[in-house]
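Below is one structure; the comments refer to it alone.
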Amino acid sequence: MPTYLIVEQLLNGLQFGVMLFLSAAGLTLIFGVMGLINLAHGSLYMIGAFAAAAVAGATGSFVMALAASLAAAAAAGALVEILVIRRLYDRDHLDQVLATFALILIFSEGTRWMFGSFPLFLDVPSYLSGPVTLPGGIQYPLYRLTIIGIGLAIAAGLFLLIARTRIGIRIRAGEADREMIAALGVDISKLYTLVFALGAALAGLSGALVGAIQSVQVGMGEPVLILAFVVIVIGGIGSIKGALVGSLLVGLTDTFGRILLPVAFGTFMEPSAANSVGAALASMSIYLLMAVVLIVRPTGLYGRA
Amino acid sequence: MRRETFVNIAALAALFVLPVWANATGETYWVTLTTKVVILAIAGVGLNLALGLGGLVSFGHAAFFGVGGYVMGILASHLQDYVPLLTWPFLFEGSNQMPVIWLVALVFGALTALSIGLLSLRTSGVYFIMITLAFGQMLFYFAISWPAYGGEDGLSIYVRNEFPGLNTLVPIEFYGLCLTVLVAVLFLVWRISLSSFGLALGAARQNAERLQAVGIEPFRIRLTAFVISGAITALAGAMYADLNRFVSPNMFSWQTSGEIMVFVILGGVGRLFGPVLGAALFILMEHILGGMSEFWHIYLGFVLLGVVLFARGGLMGLLAGREVSHD
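Sequence lines, in order, name chains Z and B.
Note that full-length UniProt numbering numbers the first sequence so that position 92 is 92, with each residue one more than the last.
Note that full-length UniProt numbering numbers the second sequence so that position 231 is 231, with each residue one more than the last.
In structure tokens form, the structure reads like this:
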């Protein structure tokens, strides 16, 4: 396989992984701090994408669209936290799953009712479209490269936020012992709303960024949600570092699985059979990765026992 | 008589009487609708064994439902297309006999549950929910990308499979068959819940450490329950495929897992007839709300949210009171 193809796929895997991280980070933070399993996280991703598509359609500005995706997803997240999620913190996981499943139905059908069933399109702005030439003469789309940059910058910002700021200290304290920090005078319910809105905003932003490559449609969030679950299981629930490592692992495994498996099977099977077996196995590869991680470490790579 | 027993008998009586009455008045549509309720209730009863009795919140029961569906689709399509399924070690042309299909569905459902359970039961709580969901998705994507059996389009079976002595194409006869299976499954789960295995399973949910301390390994108890639960749901999947004469990867989708879970919770978690009531309520809502609005899932969402937040215990909790708690 030629080098340029490998570099290209490496970047594709990185881009996929970084976008996955934006969704998984919020999910793992929400679980780590509030102990809540939030199935509606994918809906917030979808809301971000739809808000971006609507604003881009009205104003024509991609930056405005991204700002709208952050604002709309954060607002929806805060609203849902205050109205519904707040009542679920003391409930068992079954209740949380069911209530957030109900939220998915409400969000999905609500969006379908507002925007219709047809996919919307969010265009890559002209200053970000087209390829760039990387060192070594490899051509790669500028937009995807930008996404990787934005994702990595946000990851770094999130680490700084958690590790260096007062809010971050409170978030970590909330993870460790929520009664204690409430007793110390931290307004715990405000903190929870904030964490939820932050996670929602990240998901919404990634929805908008990915929406410009794929189409913006109802139901786009759930596949991402399920991949984010796989990421969290691999990385360890509650760990941002685990979410980053897990996202990149999943992104690279998926991308290279699709390229390499059909080729690998082609060495000893006839081409058409190798393609179908390879494609079928490639779509299962990340789940196999998850199974292997679970066998070695049942609480994930960075999870606490 | 306990109120729950009374509700159970009333539900069973309704399932026996209403379709016969609908059939007599020529409303065969309602017979088919009730058949759907009964089959989905079987899937729910299967999940309820793991979820209600064992406390195993599986969000991946679509995996077993789909396996059952594809067992039916594969066996019947080979016979339909005159392509033998096996030529070695013996010739097997596929089958259109429900007892054969059901048996194979039970076996493959159990095997799938065994392999998923062996991995996912190493974890608990929220990990278990996510992992079962992920394994369900894995099979979903496998079904989509495996081209031999229709891939994304699914498989159509032109004639409903046969059952000795019955004409399964007559709605009421197929319904009677499904109802018999439901009653048998309910009886089985009832006996299990009263057996020493059932007690150990309940104990594994309430306090696994104590169970371990008295010398019973919770993992094996849970795995056994998960396998039985998966097998029952696979049986329901095979029957559901036969009802529609169609199998598609949709049976594997996470929405299917969610819906099976909704039957259990709408009806009442851990109650023997909970999934029956839940499935009936769900199908009724689908029928009534779906007739009113294209966006009926919104209303379903609000109903579910209301049940979780305010009416815990589901329909059975409403009708028969909350179960005496032993926790």
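For each residue, glycine too, the CB sits at the ideal point set by N, CA and C.
- For the 9 angstroms CB-CB criterion, leucine 75 of chain B and leucine 85 of chain B form a contact.
- Going by beta carbons, isoleucine 232 of chain Z and leucine 133 of chain B fall outside the 9 angstroms limit.
- The segment 262-274 of chain B makes contact with the segment 301-317 of chain B: 3 or more CB pairs, one atom from each, lie closer than 8 angstroms.
- Bounds of any alpha helix (DSSP H) do not take in leucine 51 of chain B, whose DSSP letter is neither H nor E.
- Here the segment 31-47 of chain B makes contact with the segment 236-256 of chain B; the two share three or more CB pairs at distances below 8 angstroms.
- Three or more beta-carbon pairs separated by less than 8 angstroms are not found between the segment 161-169 of chain B and the segment 282-295 of chain B, which leaves the two stretches without contact.
- Under the DSSP assignment, isoleucine 138 of chain Z falls outside any alpha helix (DSSP H), being part of the beta strand (DSSP E) whose first and last residues are 138-141.
- Excluding its 5 nearest sequence neighbours in each direction, phenylalanine 265 of chain Z has C-beta neighbours in its own chain below 7 angstroms: Ala274, Val277 and Gly278, listed in chain order.
- Counting C-beta atoms within 10 angstroms of its own C-beta, alanine 63 of chain B has 16 or more neighbours from the protein chains shown and is therefore classed as buried.
- Per DSSP, the continuous alpha helix (DSSP H) segment holding leucine 260 of chain Z begins and ends at 240-266.
- Residues of the segment 127-161 of chain B with a C-beta atom less than 8 angstroms from some C-beta of chain Z are Tyr127, Ile129, Met130, Ile131, Leu133, Ala134, Phe135, Gln137, Met138, Tyr141, Phe142, Ile144, Ser145, Trp146, Pro147 and Ala148, listed in chain order.
- In this structure, DSSP gives phenylalanine 108 of chain B a helical state, which the three-state scheme calls helix.
- For alanine 72 of chain Z, not one C-beta of chain B is nearer than 9 angstroms to its own C-beta.
- When Z:Leu252, Z:Ala56, Z:Gln15 and Z:Leu288 are compared, the shortest CA-CA separation from phenylalanine 121 of chain Z is found for Z:Ala56.
- Taking a cut-off of 8 angstroms for Cβ pairs, the segment 93-107 of chain Z and the segment 51-69 of chain Z do not touch, as fewer than three such pairs fall below it.
- Leaving aside the five residues that flank tyrosine 287 of chain Z on each side, the residues in its chain whose CB is nearer than 8 angstroms to its CB run, in chain order, Val230.
- One Cα belongs to leucine 191 of chain Z, the other to arginine 170 of chain Z, and the distance between them is close to 8 angstroms.
- In the pairwise beta carbon analysis, the segment 101-120 of chain B is classified as not touching the segment 71-78 of chain Z: fewer than three pairs are separated by under 8 angstroms.
- Taking each of B:Gly69, B:Gly267, B:Ser196 and B:Leu118 in turn and checking the Cα distance to serine 156 of chain B, the smallest one comes out for B:Gly69.
- In the DSSP assignment, proline 131 of chain Z forms a beta bridge with Z:Pro141.
- Within the segment 168-242 of chain B, the complete alpha helix (DSSP H) runs of at least 4 residues fall at 171-194, 196-206 and 208-213.
- Apart from sequence neighbours up to five positions away, the residues of its chain that approach tyrosine 158 of chain B with a beta-carbon distance below 8 angstroms are Gln80 and Arg245, ordered along the chain.
- Threonine 255 of chain Z is classed as buried because its beta carbon has at least 16 other beta carbons within 10 Å across all chains shown.
- Counting every other CB atom within 10 Å of its CB across the protein chains shown gives leucine 184 of chain Z a total below 16, marking it as exposed.
- The Cβ-Cβ distance between glutamate 109 of chain Z and threonine 193 of chain Z does not fall below 9 angstroms.
- Under the three-state reduction of DSSP output, phenylalanine 142 of chain B falls in the helix class.
- Taking C-alpha positions only, glycine 242 of chain Z is separated from arginine 258 of chain Z by approximately 24 angstroms.
- Arginine 172 of chain Z: member of the alpha helix (DSSP H) spanning 166-176, first to last residue.
- Close partners of glycine 125 of chain B in chain Z (Cβ separation under 7 angstroms): His93.
- For isoleucine 162 of chain Z, the closest C-alpha among the options Z:Ala51, Z:Val195 and Z:Leu134 is that of Z:Val195.
- Residue state for valine 216 of chain Z is assigned as strand, using DSSP reduced to three classes.
- At a beta-carbon threshold of 7 angstroms, the residues of chain B lying near glycine 110 of chain Z are Ile298, ordered along the chain.
- Scanning its chain for C-beta atoms nearer than 7 angstroms, with the 5 sequence neighbours on each side dropped, one finds around tyrosine 140 of chain Z the residues Glu8, Leu11, Pro131, Val132 and Leu134, in chain order.
- Put simply, of B:Thr256, B:Leu223, B:Ile298 and B:Phe16 the residue whose alpha carbon is nearest the alpha carbon of serine 124 of chain B is B:Leu223.
- Closest option to glycine 73 of chain B, judged by alpha-carbon separation, among B:Trp21, B:Arg220 and B:Met98: B:Met98.
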